[in-house]
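Report on the following structure.
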Amino acid sequence: MKKIIAILVGSIALASCSSDDNKSSSDDPIFSQPYEELKSLDELAVGKYAYIGNKIGDRKVGVVGETSNCKRVDYLVVHRNPTTSVLDSLTYNNFRLDKIEGRLECMSIFEFPRLLQKNELVRSGYMRTSIEDGYLKQLYKDDGKTKDGKKYERKDYFKGEIEIGFQAGYLRIEDRLSDYKRLKDEKVYLYFKKL
């Protein structure tokens, strides 16, 4: 009888451990919270937002710890026209740990921060945007050496609609900002906390 009870208790313990490892998104403490679609661009407070984590596909939201080396310095900045208070642009930068001359330093993954501009809320929770390098590169004349001084270009990364809103007290943005290569139909979200 004791052997049967021990086997039953062991089976229950094993089943409960394995079920914790495979919880669905509904058990996610962030993603299971109500999602509020952005209803107006005025809801985006001017200033800096710290990156706190991401959600990839069916996985739980991965939250960055306070001591995480470089992810803690990733940021999103909301810019508004100072005279009209109209949303001007958003800037996003992403960092990683690199070894430079024998020292570990946080370096930007991008050559330039990503710039979200021409932003328009097309319907509740969906913002049309253009994501480009946050730097205007001066074009050269045909000889490739002399700067023309008249034409500039930006590298484009994405033009279209992204989901945007709030969840569990965080700003949630559909990830078209990073260089993450998503699988077909995979949804990826970035979460930010207002500083």
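Convert by adding 29 to the 1-based position in the sequence shown; the result is the number in the numbering used here. Even glycine gets a Cβ: it sits at the ideal position worked out from N, Cα and C.
1) Closer than 6 Å by C-beta to Asp-103: which residues in its own chain qualify, once you throw out the five before and the five after it? Chain order, please.
2) Which one or two residues does DSSP pair with Gly-189 in a beta bridge?
3) With distance defined between alpha-carbon atoms, name the residue in Arg-157, Ser-137 and Ser-153 nearest to Gln-234.
4) By Cβ distance, which residues of its chain are closer than 7 Å to Lys-188, with the 5 residues on each side in sequence left out?
5) Helix or strand or just coil, what does DSSP make of Glu-140?
6) Could you say which of Lys-100, Thr-112 and Ser-61 lies nearest to Lys-89 if we only look at CA atoms?
7) For Tyr-218 and Leu-224, I'd like the C-alpha separation in whole angstroms.
8) Provide the residue(s) that pair with Leu-200 in DSSP beta bridges, ordered along the chain.
9) Measuring CB to CB, does Val-106 end up less than 7 Å from Lys-77?
10) Give a yes or no on whether the C-beta atoms belonging to Leu-200 and Arg-143 are separated by under 7 Å.
11) Would you call Asn-51 buried or exposed, if buried means 16 or more other Cβ atoms sit within 10 Å of its Cβ?
12) For Ile-193, does the count of other Cβ atoms within 10 angstroms reach 16, so buried, or fall short, so exposed?
13) Can Tyr-164 and Phe-141 be called in contact, C-beta distance under 7 Å?
Looking at the coordinates:
1) Tyr-80, Asn-123 and Phe-124
2) Thr-158
3) A question about residue 234 goes unanswered here, because the residues of the chain that appear run from 30 up to 224.
4) Ser-159
5) coil
6) Ser-61
7) 19 Å
8) Phe-195 and Phe-221
9) yes
10) no
11) Unreliable positioning characterises Asn-51 in this predicted model, as indicated by a pLDDT of 42, which lies under 50. The coordinate reading is nonetheless provided below. Asn-51 should be labelled exposed.
12) buried
13) yes
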